[in-house]
Amino acid sequence: MRAELALDAQGHFLALRAVNTSNVGAHAVSFHPLNKGMAHGHRHRVPAVSIRGRAVVTNTSPTKRVPE
0 MRAELALDAQ
10 GHFLALRAVN
20 TSNVGAHAVS
30 FHPLNKGMAH
40 GHRHRVPAVS
50 IRGRAVVTNT
60 SPTKRVPE
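Note that numbering that gives the first Met the number 0 numbers the sequence shown so that position 3 is 2, with each residue one more than the last.
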């Protein structure tokens, strides 16, 4: 994940911009790793949020959701 955060002079969050890139393996079984990375925008009060998710298909084993 690559992220940029804008703050005011008092340190309050003004904006968040992020790109989450997730490896989904050679055969996408689940996009859960991508969804998990996208969830970071709602934990704090931020007036403007832009989060882009990208799934990357590689030659590795497929990823899957691990039960919590």
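Note that the Cβ used here is the ideal one computed from N, Cα and C, for glycine as well.
Taking C-beta atoms as the reference points, V55 and T20 count as a pair closer than 8 Å.
Rounded to whole angstroms, L4 and G24 show a C-alpha spacing of 30 Å. Looking at N58, G52, T59, S60, the one whose alpha-carbon comes closest to that of A2 is G52. Rounded to whole angstroms, the separation of the alpha carbons of A17 and P46 is 14 Å.
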